[in-house]
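Asks: Residue numbers (my numbering): 157 to 427.
As structure tokens, this is what we get:
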């Protein structure tokens with residue numbers, strides 16, 4: 157998990173996951189170096205990742221005061237409980253529903269929660285963070301936020317895109333992949349991650365873009381996209397074209413059996 161600063165007060169902890177047939181999906185977490193340091197999501201929960209070690213190279217975990225959990229999917233919570241142990245003063249910013257979902261696997265300690273809904277704000281000492289519901293999401297608990305000091309938008313899954321290579325997925329600037337590739341891959345991601353856009357009312361859906369239009373963030377930081385500076389307008393146009401988009405359909409059992417057959421050594425007996 158390489159780490160790099162995209163702003164003097166923002167570090168990206170980069171990771172990615174290859175999904176055959178789709179591409180390399182970025183899986184970022186972030187550190188906001190505020191007066192009261194904020195960690196945004198906690199990475200993948202795979203055994204070969206050491207989220208806490210990567211974070212420790214950027215910030216002493218004991219200094220973390222807030223862990224903003226944009227939603228409780230496993231690609232956002234991998235290092236959560238290790239970080240809670242290493243950061244005894246940290247509290248988890250999340251929603252009531254997210255706490256309920258996580259209680260089905262491993263409950264969050266109630267005395268370390270800070271419940272926050274879209275439209276509400278959190279004071280982290282030198283700035284205020286304002287939560288919002290991104291236009292696209294795959295979990296009803298999703299809350300991204302705007303840094304009211306810098307205007308940076310932390311958008312959770314929204315604006316994501318699977319990319320052709322690991323290098324592209326972990327690039328310091330998504331503009332390196334080119335505008336056409338980004339457009340096409342963001343539409344693919346919308347069909348995978350937010351299949352419900354096929355059935356939305358277009359006007360009501362576009363109304364949900366208003367917080368982003370009002371803020372016009374110069375930098376968008378998505379869990380599933382390299383940092384995106386200076387292209388918020390084109391990305392909003394891409395997302396605005398998704399109503400009616402057909403949802404992604406994955407391989408079926410026949411395709412799986414064909415794939416597995418290709419793994420059999422030559423001359424192996426048929427099952």
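No residue lacks a Cβ here, since even glycine has one placed at the ideal position from N, Cα and C.
DSSP on residue 209, reduced to helix/strand/coil?
Replies: Here residue 209 sits in helix by DSSP.
Asks: Look at the alpha carbon of residue 413 and the alpha carbon of residue 177, and state the distance between them as a whole number of angstroms.
Replies: Looking at the two C-alpha atoms, the distance is approximately 15 Å.
Asks: Applying the 10 Å Cβ sphere with the 16-neighbour rule, what's the burial state of residue 184?
Replies: Under this definition residue 184 is a buried residue.
Asks: Name the two residues that bound the continuous alpha helix (DSSP H) containing residue 256.
Replies: Run containing residue 256: 252 to 258, per the alpha helix (DSSP H) assignment.
Asks: Roughly how many angstroms separate the alpha carbons of residue 200 and residue 159, rounded to a whole number?
Replies: Whole-angstrom Cα-Cα distance: 15 Å.
Asks: Using a Cβ-Cβ cutoff of less than 6 Å, which residues in the same chain neighbour residue 315 once the five nearest sequence positions on both sides are dropped?
Replies: Here the set comprises 376, 378, 381, 391.
Asks: DSSP three-state label for residue 374, please.
Replies: In the structure shown, residue 374 sits in coil (DSSP, three-state: anything other than H, G, I, E or B).
Asks: Cutting at 7 Å between CB atoms, please list the residues of its own chain near residue 338, excluding the five before and the five after it.
Replies: Cβ within range, chain order: 317, 330.
Asks: In chain order, what residues of the same chain lie with their CB nearer than 8 Å to the CB of residue 304, ignoring the 5 residues before and after it?
Replies: The answer, listed in chain order, is 277, 283, 284, 285, 286.
Asks: Quick one: give me the first and last residue of the alpha helix (DSSP H) that residue 336 is part of.
Replies: Looking at the DSSP string, the run of the alpha helix (DSSP H) that includes residue 336 is 335 to 349.
Asks: Classify residue 352 as buried or exposed, calling it buried when 16 or more other Cβ atoms lie within 10 Å of its own Cβ.
Replies: So residue 352 counts as exposed.
Asks: Hey, residue 274 and residue 288: beta-carbon distance below 8 Å or not?
Replies: Cβ distance < 8 Å, so residue 274 and residue 288 count as in contact.
Asks: Evaluate residue 228 with the Cβ neighbour count: other Cβ atoms within 10 Å of its Cβ, from every protein chain shown; 16 or more gives buried, anything less gives exposed.
Replies: It counts as buried.
Asks: By the three-class DSSP mapping on this structure, what secondary structure does residue 191 have?
Replies: In the structure shown, residue 191 sits in coil (DSSP, three-state: anything other than H, G, I, E or B).
Asks: Can you tell which of 225, 204, 173, 213 has its C-alpha closest to the C-alpha of residue 194?
Replies: Of the candidates 225, 204, 173, 213, the one whose C-alpha sits nearest the C-alpha of residue 194 is 225.
Asks: Any contact between the segment 395 to 415 and the segment 320 to 330? By contact I mean 3 or more CB pairs, one from each, below 8 Å.
Replies: No, the segment 395 to 415 does not touch the segment 320 to 330.
Asks: Looking only at its chain, what residues have a beta carbon closer than 7 Å to the beta carbon of residue 350, apart from the 5 residues adjacent to it on each side?
Replies: Excluding sequence neighbours, residue 350 sits near 292, 293, 294.
Asks: Check whether the Cβ atoms of residue 205 and residue 171 sit closer than 8 Å, and answer yes or no.
Replies: Taking 8 Å as the Cβ cut-off, residue 205 and residue 171 qualify as a contacting pair.
Asks: Per DSSP, residue 185 forms a beta bridge with which residues?
Replies: Answer is 169, bridged to residue 185.
Asks: Below 8 Å on the Cβ atoms is my contact criterion, and I expect residue 196 with residue 188 to pass it. Report the Cβ-Cβ distance as a whole number of Å.
Replies: Residue 196 to residue 188, Cβ: 7 Å. Contact.
Asks: Residues in its own chain within less than 6 Å of residue 404 by CB, not counting five upstream and five downstream?
Replies: Same-chain partners within the cutoff: 347, 348.
Asks: Mind checking whether residue 407 and residue 168 have CB atoms under 8 Å apart?
Replies: Cβ distance not < 8 Å, so residue 407 and residue 168 don't count as in contact.
Asks: Looking at C-alpha atoms only, which residue of 262, 255, 181, 388 is the closest neighbour of residue 270?
Replies: Nearest of 262, 255, 181, 388 to residue 270, Cα basis: 255.
Asks: Can you give me the C-alpha to C-alpha distance between residue 411 and residue 402, rounded to a whole angstrom?
Replies: Looking at the two C-alpha atoms, the distance is approximately 21 Å.
Asks: When DSSP labels each residue in this structure, what does residue 241 get in the three-state scheme?
Replies: DSSP places residue 241 in helix when its eight states are reduced to three.
Asks: Taking residue 297 as the reference, give the member of 219, 244, 181, 312 with the closest Cα.
Replies: Residue 297 has its Cα closest to that of 312, out of 219, 244, 181, 312.
Asks: Helix, strand or coil for residue 327 per DSSP?
Replies: Note: residue 327 maps to coil in three-state DSSP.
Asks: Could you pull out every residue in the same chain whose Cβ sits closer than 8 Å to the Cβ of residue 247, ignoring the five residues on either side in sequence?
Replies: If we look at residue 247 and ignore the five residues flanking it on each side, its Cβ neighbours are 221, 222, 223, 268, 269, 270.
Asks: Have a look at residue 302 and residue 417 and give me their C-alpha separation to the nearest angstrom.
Replies: Their Cα atoms are separated by approximately 49 Å.
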